[in-house]
Structures are given as C-alpha cells and as structure tokens.
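Numbering-wise (full-length UniProt numbering), the sequence shown opens with residue 1 and increments by one.
By construction, the Cβ of each residue, glycine as well, lies at the ideal position given by its N, Cα and C atoms.
Below: one structure, written as structure tokens.
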Amino acid sequence: MSDLSAEQVVDIAIPGGIQLSADGSRVAYVVGTVGKKDEHGVSALWVAPVDGSTPPRLFTSGESKDNSPRWSPDGRQLAFLSDRAERGTAGLYALPVDGGEARRLGDKESKRAVMQFDWSPGGGQIAFSSADEPDEEEERREKERDDANVYGERLQYARLRLLSLASNEVTTLVSQERHVADFAWHPRGTELAYVTWQTPELESMAHEHVIERIPLAGGEPQVVCRWSGMVNSLTWSEDGKVLFFIGSASRKAQSSMVVYCVDAEGGEPRRLAGGESNCVYYLYPLHHQQQVAIGAVEGLSLNMYRLDGQSGELSRIFPSEEGSRQGDSAFGAADVRYLEDGRITVAMARGSSVQPLEVWAGAGGAGESLKELRQLSTHNAELAGISFVKQEAFYWTAPDGLKLDGLLLRPADAVEGERLPTVVLVHGGPYGNWMAGFNLSWGNWAQWLALAGYAVLMPNPRGGSGHGEEFAAAALGNVGGADYGDVMAAVDAAIERGIADPERLGIGGWSQGGFMSAWAVTQSDRFKAAIMGAGVSDWGLMVQTSDLPDFEQELGRTAPWDGLEAQRHRELSPITFASRVTTPVLILHGENDARVPVSQATGFHRALRHYQVPTEMVLYPREPHGIGERAHQLDLLRRVRRWYDRWLRA
C-alpha cells in the first residue's frame, strides 16, 4: 500500500492556460491547485523558453487568482486576468515580460468581471467581454436589500467592448438584449466576429446562436449564420474568408462535437471534420492559409491534427501514429503555432498514468508529426517518490456485439491470478470518457483506490465521447439502458478474466457516474458498496431545477408537464426503483450545485432511509457541482476509501 496522502492529492499542481508567443519561442501558462484554501483560491503565471534552455520562471506572485495569459503580438507584454484588486472579480492587467509592475487596464473601479479578452493583431487594442456596471438603482437595491428577483429582469448580459491601449478608453461594440458568448479578431484587425446567446443563462446554449461580424470603423453588424446547437472556439482563417467553430453534430447538447466552417460573408455552416469515429475537444488557430489545428478524442487517446479547411483532410501533429499506439500519456491544455519557416511548435500540459501534468513543448517540420516533446516544468517533483500504478487498456464486447474500451488499474503487488476487491468507476457527462493520462483528483479516484489495494475498472459505455456521433447519441432518452448494459458487461469480463472478485464489487462516480451508481444498485444486488457523487436520482426533477433543463430532458426524454402518458423520465430514474436497493450507498453532494441540485441527493437519501438501506449522505456547504474547497476535498477522499474498505474488505 502506498503512502500517498490525501493532502498530496489535493495539492497537486495543475498547469493550464497554455499560450505560445507569436514567434513560438516562449510559453506562458498558469499553475494552481484544484483545492482552494479560501473562498476564491489562488494561481500564478509562469513563463518558460520552449527550447528548455532555462527553467520556467514565476511571473506573478500567486497571491491572487491570475489566469488566462495572452502574449502581445510583439512578445513584449503579457495581458492576463486577476482578482488582485477585488477577490472573486477578474480585472484585466498587463505586465512587461522583461520586468516591471502590472498595470490594470480600462476602468480601475469596475465592479464587473472581465470574462474573455484578446489582443488585436496589431497590438494597439484589446477586445474583451463584460457585463454592464451596476447603476444607481442596482446599488440602492443591494444596499437596502430591496432585491426581489423577478425572472428575466436585470440579466447580466456580456457586452463586447474595445480597449484602446494608447488612451485606456473603452467603447462598447455590441450591446442590446443579447449575450456575447465568444468572439475572435479578424486577422487584419479590422473587425470582430462574435457569437450571441438569447440570454446569459446556460439553458440558452440549447437555443439559437447567432454568429455576427462587426467592423471597427463603424457600421451595423452583419449576420453570418444562425445555428441551433452549441457553438464554441470561434476562429478566423488566415485570409479572413472563413470562420471555423466547434459545434454539436446533431445540434443537440448530448451529441458528438465536430468542426464546422462557414463563409465569413454569410451562408450555411459546412461540417468539416469529426464525429465519424472520434470527437473534437479543442480547436486552435494556426494563422496559416485556411488551416486550423484540432484535438480529437479517439478511443483512449487524445490526438492533435492539422485540419485543411477546404478539403477537410487531417494530418497528425502529435503524437505520431506509433506513439499513439504505444503510449499511455495524454494532454490537456495546449497551444500550437505555425512559424514562417514552415515548422509547427506545440506546447501542452501533458501527463501519463504515473506522472501528473507538466508542461512539455516541441517543434516539427512542415507535414511531419512530432515524435518527441521536451519536458519544461517540474511542478510536482515532490511526488516522484510515489510508485503510481501503471494503467492498462481494457477491452470487452457488449451484449449486442459492440466493441468497447476502458482502463484497468491493478495494485503493483497483485499476485497473478488473485481476484481483487474491485471498484467500477463510471465517468461523468454522459458525454465524457476515461482516457490515457494521469487519473487522480478529488473526483477521479482511480489511483487513490489502486494504491489502497483495489482493482479499478474504468469503462467507457455508450453515450460518451471518443467513438463518434452514433455512439454519443445512444444515451438520448435511454440513460441506464445500453450504457448500463455496457458497464455490467465490463464487470463480467473482469470476473471471467480472473481479475475481479464477484463477492467484493463496488461502484462509484461523479455526476453522470453518480447517476449510474444509483441506477446500478436499483437494477442489481451484485455490488456490495456504491458511492453516488453529485448524481441524478430523478430526471423529471432535473428538468424542473437544473441549470441545463433542455439537456436533461434530452437524456430523460420526457418532462413532468408532458402529461400522465409521458413517463419515460420516471422509468429512467433511480428513485422510482429505490425499493429494490440492498447495496450500502454513500451520497456526496455540494449544497450549491446548480447542475445537479442537492434535492437529487436528499430525495434518494430519504428513499433509502425509508427502505432501511445502509446509507450516509454528506453535503458540502458552498460547493457547486465540483468540490473546490481543500478541506472538503480531503474529507471526500478519506470517506471514499473508508466506505469501500468498510463494505468490501470486511
């Protein structure tokens, strides 16, 4: 058994916000921990040369939450977001790369957070989005607590604004009653394209999005296209003729994500890549012809490709074909630059099954894939003494013949042929997946349990990503159907192969994984322990109370107001079948969860108590859908191990 502590888990340094300078010689990134010690948490910016000639240097102090670094086009400054002036409210700052004091840009008295920003191609302006400042009436209402909340009134729409660095003056480009969710500079800096939602509410993601463009010289916005479904990562081609974006393949929230392109003058978006057997996670501007780079999940791997915007042809950037077959590493945040000499430079946060994320970088020639990257950072050097478990690919066949994949972790000291207490971890989403890389966090207990002597089975059932559109859509109106069958087939395969002890099986997961755990114990008595983390127990109640009601109805198919004959949501809800449960269930949930409201936990807990099922419910104050406070994460990790030890090792 390893001596890895819960404190070491929640204090793991997480690099992100990767951005390369325009010449590809330096990388800026953010380092923070997942567990925050106070209400807001802290993070710092770091800068490193891509060639590894000197170690990364700390760029900001880390006494506030500094993030989203952006290089000026000439590489002399970094702009970034920071809440150093007012904790919890991000302001816009710039700092000379060669040293000096950070200066706040725009209105220094602003009370609204900057949401997104980017330098103009010429470097003289910065576009950003923020809500309007509170007016006198709003300040009076807050001061006098005269703050009755009428639905639809006083929505904080994000406006698209322009900051002149010469004068520090801010002008508003796009206002009206619409919410600017994303934007991108034209490569010549003459205009901006942007995406609007009907309201700032997340449920607007399921409704019509409008892509528009507005000239900086003045004039009315021009509609490029209207789109029903998700739109993100809006990006121009180098020649300014085409706009790229990531959107859902079927224009539903629970759908494979693919790349589209649309004529900047207007037209119907054209599907370009993704969705057949993979799913697109990231899109990066290359600033070279009509090309972009994408990160696509394919089975257990995340691969980076160059995408030709005219032909739709993909050419691999990283890893090489051989590296993808042999490695167990995966990357998270990344950036890519096409250089004038034809080379491509890549920087990324990359980890393996036995190493946490660190910053890596490398360069390759035109048309070549990068065979190797250089590790630049060592932010988690103190974990070098921990003998983490090397994970294995795990393949099995579903009852209907579909070939499926997942991961398996077995303790290093496991004896060949010895059946082990086994925990099945189910991923969230359901449009998520388990893949190669470092699987350890407050909400991913794979290494945490494997180092405590458990076999950990991590299946990728239908409804997730990495296998294309049809695979992802399988959960629509059928959660707990084919996906549950996939999970149980994986369990059967692990038993048949002599890995799992059928008398010592546990299941658990967070979000959709929490739902699957609750569902499994209503459908089977094979599990001796279950952990329901922020899980769904009632799909009808989710449609009524979640911040993504349309998405939840896609999964449960019907809503309570559809009438007595439309009851699919009840047929798919664990609480409907609570009388069948005999498995001890630990319920973990954040009290301020807007995605899966806490009523999902309290309702299922009351049902289990009614039927005298061994159960515990732990609610974490102030926490949303993800558990963020360090003390709460420590408590959660320790409870997870204790619960499985209690019921699987007795």
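For this session: May I have the straight-line CA-CA distance separating E382 from G219, to the nearest angstrom?
Result: 57 Å
Exercise. Are P134 and K111 touching if we call contact CB-CB under 8 Å?
Worked result: yes
For this session: Kindly indicate which three-state DSSP category Q291 falls into: helix, strand or coil?
Result: strand
Exercise. How about A90 and A113: do their beta carbons lie closer than 8 Å?
Worked result: yes
Exercise. What is the rounded straight-line gap between the Cα of G52 and the Cα of D492?
Worked result: 48 Å
Exercise. Around the C-beta of S311, are 16 or more other C-beta atoms found within 10 angstroms, so that it is buried, or is it exposed?
Worked result: exposed
Exercise. What runs of the alpha helix (DSSP H), each 4 residues or longer, lie entirely inside the segment 213 to 262?
Worked result: none
Exercise. For the alpha helix (DSSP H) that T378 lies in, which residues bound it at each end?
Worked result: Careful: T378 lies outside any alpha helix (DSSP H) and carries neither H nor E.
For this session: Take the Cβ of V262 as the centre, count every other Cβ of all protein chains shown within 10 Å, and call the residue buried at 16 or more, exposed below.
Result: buried
For this session: Identify whether I575 lies in helix, strand or coil by the three-state DSSP scheme.
Result: helix
Exercise. Per DSSP, what kind of secondary structure is P430 in: helix, strand or coil?
Worked result: coil
Exercise. Taking only runs of the alpha helix (DSSP H) that begin and end inside the segment 573 to 636, which ones reach a length of at least 4 residues, in chain order?
Worked result: 599 to 610
Exercise. What is the DSSP secondary structure of W561, reduced to helix, strand or coil?
Worked result: helix
Exercise. With respect to the alpha helix (DSSP H) encompassing W448, which residues constitute its N-terminal and C-terminal limits?
Worked result: 446 to 450
For this session: Report yes or no: do the segment 631 to 644 and the segment 445 to 458 share at least 3 C-beta pairs separated by less than 8 Å?
Result: yes
Exercise. Excluding sequence positions up to five away, which residues of its chain have a Cβ less than 7 Å from the Cβ of S25?
Worked result: P49, V50
Exercise. How big is the Cα-Cα spacing for R609 and A529?
Worked result: 16 Å
For this session: Note the first and the last residue of the continuous beta strand (DSSP E) segment covering K403.
Result: 403 to 409
Exercise. Whose C-beta lies closer than 6 Å to the C-beta of V479 among residues of the same chain, with five residues either side of it excluded?
Worked result: L555, L572
For this session: Would you kindly work out how many angstroms separate the C-alpha atoms of E298 and G365, rounded to a whole number?
Result: 24 Å
Exercise. Under the rule that 16 or more other beta-carbon atoms within 10 Å means buried, what is K65, buried or exposed?
Worked result: buried
Problem set entry | Every unbroken beta strand (DSSP E) inside the segment 532 to 556 [3 residues or more] | none
Problem set entry | Per-residue DSSP class, three states only, for K371 | coil
Exercise. Looking at the unbroken alpha helix (DSSP H) that takes in G513, where does it start and where does it end?
Worked result: 512 to 523
For this session: Determine the direct distance from the alpha carbon of W539 to that of P597, and round the result to whole angstroms.
Result: 11 Å
For this session: For the alpha helix (DSSP H) holding R141, just list the boundary residues, first then last.
Result: 136 to 144
For this session: Please classify M1: is it buried, with 16 or more other beta-carbons within 10 angstroms of its beta-carbon, or exposed?
Result: Unreliable positioning characterises M1 in this predicted model, as indicated by a pLDDT of 43, which lies under 50. The coordinate reading is nonetheless provided below. It is exposed - the Cβ of M1 has fewer than 16 other Cβ atoms within 10 Å.
Problem set entry | Collapsed DSSP secondary structure at Y338 in the structure displayed | strand
For this session: Would you mind stating whether L404 and T397 have Cβ atoms separated by less than 8 Å?
Result: yes
Exercise. Could you give the residue range of the beta strand (DSSP E) that holds Y29?
Worked result: 26 to 33
For this session: Pull up the distance between the alpha-carbon of N168 and that of K108, whole angstroms please.
Result: 10 Å
For this session: Below 6 Å CB to CB, which residues in the same chain sit around R161 once its five sequence neighbours on both sides are set aside?
Result: F128, V170, T172
For this session: Less than 8 Å between the CB atoms is what I'm expecting for A333 and G17, so what's the real figure, rounded?
Result: 6 Å
Problem set entry | Cβ-based burial, Y151 [other Cβ within 10 Å; buried from 16] | exposed
For this session: Identify, in the order they occur along the chain, each residue of the same chain with its Cβ nearer than 6 Å to the Cβ of P624, setting aside the five sequence neighbours on each side.
Result: G590, N592, D593
Exercise. When you compare each of M532, W647, D182, N303 to G466 by their alpha carbons, which one comes out closest?
Worked result: N303
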